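For reference, the structure is listed below as structure tokens.
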Amino acid sequence: MFDDYEPDPPIACDGCGGELSGWQSKDGPCALLVWREGAASPLRQWADPDCRLPPEALTTLRLESDVELYTTCESCGAPAEATGFLVDGVWQGTVRGHHAGEAPVPATIITGHWRQCSACADAWEEPARPLAECPHCRTVTRLAECSPRPPS
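For the sequence shown, my numbering assigns the number 720 to the initial residue and increments by one for each residue that follows.
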């Protein structure tokens, strides 16, 4: 079996730019649970009613480690992979690619939506997601908790 995962905000397909959905993984409890980024416990269970866990049991379930996610774009058929990162036991960020267990390196906002990787100094345009993969060195980056630099 597997579980379903809902990144929040959604992730776009590299092939066509469409919103990716239908993320699954076998890294969680594998009980047909539905997990949403930012929620500590699963939202629901897709099992038949006679096999479902009671609602109070769902509230006690937690993910134990980062999860590798998989889907296929409904629009163009391109496969997609991502990693859901846990912070204090709660899924708090999603990055394209396989990165489970990696420690993110700091990144800073240079100006607008431009992020700079501290591992390779590459900069790229990226919405202000807390976690993102550097397109140059493929390292997971985490935005620093500081204000953007003032314009020069």
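For each residue, glycine too, the CB sits at the ideal point set by N, CA and C.
As the structure is a prediction and not an experimental result, all values here were calculated from the model.
In the three-state reduction of the DSSP assignment, GLU775 falls in the helix class. Here GLU852 is buried, its C-beta having at least 16 other C-beta atoms within 10 Å.
Of the residues ASP769, ASP767, ALA758, SER794, the one whose Cα lies closest to the Cα of THR779 is ALA758. Judged by beta-carbon spacing, ASP841 lies within the 8 Å limit of HIS855, meaning their Cβ atoms are closer than that value. When THR858, CYS795, GLU845, SER837 are compared, the shortest CA-CA separation from ALA819 is found for THR858.
GLY803 is classed as buried because its beta carbon has at least 16 other beta carbons within 10 Å across all chains shown. THR790 places its beta carbon less than 8 Å from that of LEU739. Taking the Cα of PRO773 as reference, the smallest distance to any Cα among LEU752, GLU783, GLU793 is reached at LEU752. In this structure, DSSP gives GLY796 a state outside helix and strand, which the three-state scheme calls coil. For GLY808, the three-state secondary structure derived from DSSP is coil.
Taking each of GLY816, GLY736, CYS735, PRO748 in turn and checking the Cα distance to ARG781, the smallest one comes out for PRO748.
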